[in-house]
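If you read the sequences in order, they're chains A and B. Here our numbering is used: the first residue of the first sequence is 2, the next is one more, and so on. Here our numbering is used: the first residue of the second sequence is 26, the next is one more, and so on. To keep things clear, I will list the structure first and then write my remarks on it.
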Amino acid sequence: MATRRPSAAVITANGLLNVMFWGGLLFGVLAIASVVVGVVTGGESILYGERLGVPLELNPADAGPLPASLSFSGWPDVTAWVENPTTKQMLLLSATGFGPLALFIAGVWLLRGFGRSVEEGDPFGAANATRLRRLGFVLIAGAPLVELLNTALRTSLYNDLPSAGGVDVGVRGFSLPLGAMLGGLAAFILAQVFAYGTQLREDVEGTV
Amino acid sequence: MAGDHRIAVHLDRLLAERDMTLTELAERVDVTVVNLSILKNGRARAIRFSTLTAICEVLDCQPGDLLSHTA
Chain A
2 MATRRPSAAV ITANGLLNVM FWGGLLFGVL AIASVVVGVV TGGESILYGE RLGVPLELNP
62 ADAGPLPASL SFSGWPDVTA WVENPTTKQM LLLSATGFGP LALFIAGVWL LRGFGRSVEE
122 GDPFGAANAT RLRRLGFVLI AGAPLVELLN TALRTSLYND LPSAGGVDVG VRGFSLPLGA
182 MLGGLAAFIL AQVFAYGTQL REDVEGTV
Chain B
26 MAGDHRIAVH LDRLLAERDM TLTELAERVD VTVVNLSILK NGRARAIRFS TLTAICEVLD
86 CQPGDLLSHT A
């Protein structure tokens with residue numbers, strides 16, 4: 002079906018998608034190995050070592066004075082460093098990374114297939130409409146689900162942390178990933194566009 | 026016949042009556058042999074008026090000689 006050379010932009014994009022896909026997979030393998038090592042050593046994982054950086058939020062009242070022209074908007078993000086973390090703490094923090102990584106790999110994998118078809122000059126096939134629908138599902142359903150799971154993990158980790166020594170810190174609550182969900186809606190709409198394009202292509206191919 | 030239509034194409038008969046090959050017709054109407062073959066075998070979904078005009082001029086026939094509707 003390909004009748005013309007793909008553009009440099011398409012070739013570059015596909016190259017980047019390949020790098021992102023394999024990079025994501027490799028990082029996933031590293032993350033799993035890190036957890037295994039962390040379990041074996043009782044908390045000292047490959048990725049976090051002897052010091053766990055836990056993302057929290059700080060009560061602005063405990064942040065110290067700012068110049069009159071500045072103020073905090075909400076609770077600013079801080080990192081709480083936990084020395085010699087327990088296995089449970091290491092597992093909870095590690096687990097918060099697996100959901101987003103899985104979504105990332107799934108999304109990039111779908112886009113790779115899509116990009117390959119564009120590079121081959123054959124984007125208007127039924128497979129791409131299916132890929133876009135799956136991407137839409139990953140974003141609309143997967144992203145909020147992962148955020149819900151991560152909220153639970155963050156809360157569990159927060160409850161397991163040692164006292165902050167009188168400083169008022171908290172953990173970020175659940176918030177809908179609206180950007181990802183909007184992207185999912187766009188993917189569903191594009192899927193219908195490509196389904197229509199596939200039909201048009203079939204009509205054109207059968208026209209003499 | 027392919028697709029959801031009941032149009033029969035009588036290109037075979039017209040070519041035989043004029044002792045012309047598909048390749049010769051393709052060259053004269055400026056349509057590829059592949060596309061004419063698709064038309065001849067009833068696998069075409071649509072035909073452009075420009076193609077129909079060219080075929081009718083070369084074969085000296087009417088569209089109704091080339092196409093017919095089957096019940």
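Even for Gly, the Cβ is constructed at its ideal location relative to N, Cα and C. Computed from a predicted model, the values in this text were never measured in an experiment.
Residue 61 of chain A is a Cβ neighbour of residue 76 of chain A, given a cutoff of 8 angstroms. The Cβ atoms of residue 112 of chain A and residue 191 of chain A lie no closer than 8 angstroms to each other. Collapsing the DSSP output to three states places residue 78 of chain A in a strand. Around the beta carbon of residue 200 of chain A, a 10 Å sphere encloses fewer than 16 other beta carbons of the protein chains shown; the residue is thus reported as exposed.
Straight-line spacing of the CA atoms in residue 207 of chain A and residue 66 of chain B works out to 12 angstroms. A Cβ-Cβ distance of about 16 angstroms is found for the pair residue 103 of chain A and residue 137 of chain A, leaving them out of contact under the 8 angstroms criterion. Put simply, the CB of residue 209 of chain A is near chain B, with a gap under 8 angstroms to one of its CB atoms. Using beta-carbon distances, residue 123 of chain A does not count as an interface residue toward chain B, since no partner is under 8 angstroms. Residues of the segment 54-76 of chain B whose Cβ lies closer than 8 angstroms to any Cβ of chain A, in chain order: 56, 60, 61, 63, 64, 68, 69, 70, 71, 72, 73, 76.
Where residue 62 of chain B is concerned, the enclosing alpha helix (DSSP H) starts and stops at 58-65. Chain-ordered, the chain B residues with CB closer than 7 angstroms to the CB of residue 204 of chain A read 70, 71. In terms of Cα proximity to residue 164 of chain A, the closest of A:78, A:83, A:30 is A:83.
In the structure shown, residue 113 of chain A falls within a helical segment according to DSSP collapsed to helix, strand and coil.
By the Cβ-count criterion, residue 115 of chain A is buried, with 16 or more other Cβ atoms from all chains shown falling within 10 Å of its own Cβ.
Beta-carbon to beta-carbon, residue 209 of chain A and residue 72 of chain B are separated by about 5 angstroms, close enough to satisfy the 8 angstroms threshold. With fewer than 16 other CB atoms across the displayed protein chains lying within 10 angstroms of its CB, residue 88 of chain B is exposed. Secondary structure at residue 16 of chain A: helix, using DSSP grouped into helix, strand and coil. In the DSSP assignment, residue 188 of chain A falls within the alpha helix (DSSP H) that extends over 179-206. For residue 52 of chain A, the three-state secondary structure derived from DSSP is strand. Distances from the CA of residue 146 of chain A to each of A:87, A:97, A:8 were compared; the closest alpha carbon is that of A:97. Taking the Cβ atoms as the reference, residue 91 of chain B lies roughly 12 angstroms from residue 43 of chain B, outside the contact range of under 8 angstroms. Residues of the same chain with a CB within less than 6 angstroms of the CB of residue 93 of chain A, apart from the 5 flanking positions on each side, are 154, 157, 158 in chain order.
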